[in-house]
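Chains A and B, in that order, give the protein sequences. For what it's worth, the numbering used here labels the leading residue of the first sequence as 9, then goes sequentially. For what it's worth, the numbering used here labels the leading residue of the second sequence as 9, then goes sequentially. Worksheet: one structure, shown below.
2 protein chains.
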Amino acid sequence: MRIGNMPIRFGKPRITAADVARHAGVSQPTVSLVLSKHPHARVAKATRERILQAAQELGYRPNRLAQGLVHRRSFALGLLVPGFGNPVNANIVSGAERVAADEGYAVLLSEIDESNAARHVHTLIDRQVDGVIIAGIAADTLPQQELSRLNVVLINQPSPANRYSTVAGDSLAAGSLAAEHLLELEHERIAFIGPHTPLPAFRLRERGFVTRLRAAGVVPRSEYWQRADATVAGGQSAMRRLLELPEPPTAVFCVTDVIALGAHKAASKAGIRLGGDLSLLGCDDIEMNTLVSPELSSIRTPQRELGALAVRQLIQQLHREDAQPTTHILPVKLIKRGTTKRKP
Amino acid sequence: MRIGNMPIRFGKPRITAADVARHAGVSQPTVSLVLSKHPHARVAKATRERILQAAQELGYRPNRLAQGLVHRRSFALGLLVPGFGNPVNANIVSGAERVAADEGYAVLLSEIDESNAARHVHTLIDRQVDGVIIAGIAADTLPQQELSRLNVVLINQPSPANRYSTVAGDSLAAGSLAAEHLLELEHERIAFIGPHTPLPAFRLRERGFVTRLRAAGVVPRSEYWQRADATVAGGQSAMRRLLELPEPPTAVFCVTDVIALGAHKAASKAGIRLGGDLSLLGCDDIEMNTLVSPELSSIRTPQRELGALAVRQLIQQLHREDAQPTTHILPVKLIKRGTTKRKP
DNA sequence: TTGTAGGCGTTATCAC
DNA sequence: GTGATAACGCCTACAA
């Protein structure tokens with residue numbers, strides 16, 4: 009890529025530490041000492057005052073790039089997500105950004121898919137990010153070599169080989185809660201719609217679901233086990249397939265709300281009374297669950313909290329040379345609404 | 009803020025240009041010349057080959073921070089948005105990020121509200137962003153002085169004093185189209201729900217709407233003109249107020265889909281048949297419009313496109329010292345769905 | 001207590 | 001063609 013020799017507008021002369029020094033009649037390092045060193049560096053009160061005032065007057069702000077160069081770190085974090093069209097990801101990003109900003113870190117956003125992930129990771133390394141957070145995409149689909157040079161915190165997925173720290177909603181419990189709820193409502197013909205994507209969190213939800221069903225003596229029927237794209241359209245067609253079965257299920261658990269909303273739509277279109285003829289349960293509890301009618305029952309997973317916690321964990325890791333990978337599991341919660349009712 | 013003296017994990021020795029130089033038996037600046045200078049800098053083919061190979065072998069990647077320091081720019085753009093829980097903003101961000109990445113720019117994400125805007129803007133300046141894009145928040149609520157030191161592109165709002173470039177959906181046309189559609193369906197008792205927030209785009213939508221109504225001889229009734237929070241809940245309560253009127257409207261235009269979805273919900277709850285008893289029209293055309301039943305008619309505004317265009321415009325501005333503020337208006341489009349039907 | 005020297009990794013300007 | 005040398009803005013170490 010060609011750089012240099014390009015004019016840049018607003019090359020307003022930046023105020024530098026040297027300017028402040030001149031203004032205050034001291035040397036530049038002294039300015040640096042007062043402004044960025046440990047709270048009470050030993051420097052004469054008088055000079056300190058003078059420097060602080062000069063800085064104030066000139067509106068001096070240290071150049072983070074220059075600081076980064078010296079410190080070999082940038083006070084910036086990379087955030088790798090596959091599209092925040094998905095509200096779950098949007099919430100994670102939002103939670104992460106907030107904490108990062110509070111802690112003085114910038115957030116570099118990278119919307120990735122399998123095809124461009126390597127490029128994005130490289131970009132982040134080039135910018136000396138202090139660490140990256142990975143959400144919504146399996147870490148092992150990313151270039152391992154570059155990843156190993158970074159501080160990494162994963163969201164919603166166990167770390168391959170336990171190398172990275174993880175924060176996650178309790179996916180096993182989510183699946184388990186889902187099964188329990190449907191069993192409690194006395195359903196037996198219970199179906200499942202999961203996405204093709206082999207995202208660990210989704211697999212765990214499925215596992216928790218199946219395990220709990222089996223424990224109750226309900227054996228999953230293969231024709232009730234549907235795969236779909238993790239989209240509304242995917243949920244729709246999967247639900248249509250279920251409804252066309254000679255003996256359709258009386259309850260369906262979808263591994264994400266987006267899928268569930270698609271299923272919701274397909275069922276409504278087919279004239280099925282949700283909550284009456286058929287119970288439908290999603291997972292994540294996104295906002296629009298309350299916009300459809302009847303409102304979609306769901307398992308609420310923490311999202312902003314995950315983003316926030318991931319950033320905190322990442323920042324903490326930066327401070328300890330010997331930090332070991334940690335795992336944080338946050339609880340999930342069943343939210344009963346209109347789509348899940350006792351078996352007809 | 010205290011910096012320095014903090015251990016940072018993975019201080020893996022970065023490969024520098026000096027390393028490559030040593031490896032290739034040339035001086036460091038020569039490496040720089042070959043790797044980052046105009047396509048065909050004059051340097052002996054043999055040396056060039058050697059350098060390229062050395063760089064390849066060592067996996068050298070130039071340090072963007074150092075480049076930024078000398079270029080006085082960072083190849084990073086700031087993105088200021090008020091919450092991407094709002095899918096409209098999420099789409100804008102997504103479109104912007106994509107183009108930025110393609111052009112080699114990083115995106116620094118800042119989720120702002122009026123209270124923390126100044127801090128975020130400062131942060132961006134400290135990081136020497138080459139420019140910022142502002143979406144979903146009125147530019148004149150931000151600190152003007154700092155803003156004036158930046159390259160700015162606004163999304164969906166005309167520039168105060170015409171100082172900044174703007175890209176926007178055609179809000180006037182959106183309002184006008186909305187009015188036209190409802191008039192065509194022979195409605196006369198036409199209501200409006202707009203947000204409290206004085207966001208320019210919203211005011212323009214309203215103006216376009218009113219103007220077109222007036223042109224058709226329909227005089228807006230004050231009791232039909234509701235203000236609401238720009239949320240689902242806001243839309244709900246506004247719609248309830250409308251329904252309680254002695255003579256309720258037969259058609260309602262909401263200035264955003266989020267509000268409209270709230271209105272949709274309130275109407276459905278009240279037993280109103282949307283599209284039958286009452287026509288409802290939103291604006292933006294977010295994805296979940298097709299999830300409710302009947303599906304919500306809307307005016308589609310470009311969102312990813314706005315984000316993408318904003319970045320392109322911003323980057324272009326960086327290249328011309330004498331760039332004048334420009335204005336791009338993108339067309340909008342009526343999407344007819346189930347909630348708008350001929351007057352009963 | 002403060003100033004001087006040196007370097008972080010890069011690019012630009014010159015001599016050679 | 002190529003290699004010193006000097007920035008960019010800041011911080012650390014050491015000397016005064």
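Glycine included, C-beta positions come from ideal geometry on N, C-alpha and C. Every value quoted in this text rests on a predicted model; they were computed, and no experiment measured them.
Check: For B/F210, the three-state DSSP class (helix, strand or coil); Outcome: helix
Check: Proximal residues of chain A, C-beta to C-beta of B/L269 below 9 angstroms; Outcome: M296, L299
Check: Cβ separation of B/L116 and B/A84, assumed to be a contact under 8 angstroms, to the nearest whole Å; Outcome: 6 angstroms
Check: Own chain, CB closer than 8 angstroms to B/G2, minus 5 neighbours either side, in chain order; Outcome: The displayed coordinates of chain B run from 9 to 352. Any statement about residue 2 of chain B would go beyond what the structure contains.
Check: Boundaries (first-last residue) of the beta strand (DSSP E) holding B/P21; Outcome: It is not in any beta strand (DSSP E) - B/P21 carries neither H nor E in the DSSP assignment.
Check: Spatial distance of A/V240 from B/Q64 (CA atoms); Outcome: 44 angstroms
Check: For A/L342 and A/I307, the rounded distance between their alpha carbons; Outcome: 4 angstroms
Check: Beta-carbon proximity list for A/A146, same chain, < 7 angstroms, skipping 5 on both sides; Outcome: Q165, P206, L207, P208
Check: Residue(s) in a DSSP beta bridge with B/L342; Outcome: B/I307
Check: Sub-8 angstroms separation of B/I133 and A/R69 beta-carbons; Outcome: yes
Check: Which of helix, strand or coil DSSP assigns to A/P352; Outcome: coil
Check: B/G101: contacting residues in chain A (beta-carbon distance under 8 angstroms); Outcome: Here residue 101 of chain B is Val; the residue named in the question, Gly, does not match the sequence. Within 8 angstroms Cβ-Cβ: F92, L117.
Check: A/P95 - DSSP class collapsed to helix/strand/coil; Outcome: helix
Check: Neighbourhood of A/A126 by C-beta, 6 angstroms cutoff - its chain only, sequence neighbours within 5 removed; Outcome: P151
Check: A/L253, buried or exposed, once every other Cβ within 10 Å from all chains shown has been counted against 16; Outcome: exposed
Check: Cβ contact check for the stretch 91 to 111 of chain B and the stretch 96 to 107 of chain A: 3 or more pairs under 8 angstroms; Outcome: yes
Check: Nearest-angstrom beta carbon gap, A/I267 and A/G242 [assumed within contact, 8 angstroms]; Outcome: 6 angstroms
Check: Three-state secondary structure (DSSP) of A/R217; Outcome: Here the sequence assigns Phe to residue 217 of chain A, which means Arg is not the residue at that position. The answer is helix: DSSP assigns A/F217 an H, G or I state.
Check: Contained beta strand (DSSP E) runs [length at least 3] in the stretch 226 to 294 of chain B, N- to C-terminal order; Outcome: 233 to 236, 259 to 262, 287 to 292
Check: Whole-angstrom distance between A/S44 and A/R72, CA atom to CA atom; Outcome: 12 angstroms
Check: Length of the line joining the Cα atoms of A/S3 and A/A25; Outcome: With chain A covering 9 to 352 only, the question about residue 3 of chain A has no answer from this structure.
Check: Backbone CA spacing between B/V107 and B/L87 [nearest angstrom]; Outcome: 13 angstroms
Check: Length of the line joining the Cα atoms of A/L7 and B/G177; Outcome: There is simply no residue 7 of chain A to check, as chain A begins at 9 and stops at 352 in what is shown.
Check: DSSP three-state assignment for A/V140, whether helix, strand or coil; Outcome: strand
Check: is_contact[B/S305, chain A] using C-beta, thresh 8 angstroms; Outcome: no
Check: CA-to-CA distance, B/I163 to B/S102, given in whole angstroms; Outcome: 14 angstroms
Check: Reduced DSSP category for A/I11 - H, G, I as helix; E, B as strand; rest coil; Outcome: Because A/I11 carries a pLDDT of 37, less than 50, the predicted location of this residue cannot be relied on, and no value is offered for it.
Check: Alpha-carbon to alpha-carbon, B/P339 and B/A199; Outcome: 24 angstroms
Check: Interfacial residues, the stretch 177 to 199 of chain A to chain B, with Cβ spacing under 7 angstroms; Outcome: none
Check: B/G202, enclosing beta strand (DSSP E) - first and last residue; Outcome: 198 to 203
Check: Start and end residues, alpha helix (DSSP H) containing B/A54; Outcome: 53 to 66
Check: Inter-residue CB distance, A/G202 and A/R235 (contact presumed, cutoff 8 angstroms); Outcome: 6 angstroms
Check: Local conformation of B/G177 per DSSP, three classes; Outcome: strand
Check: Distance, B/Q36 Cα to B/L60 Cα; Outcome: 13 angstroms
Check: DSSP-derived helix/strand/coil call for A/H336; Outcome: strand
Check: Limits of the unbroken alpha helix (DSSP H) element including B/A316; Outcome: 312 to 327
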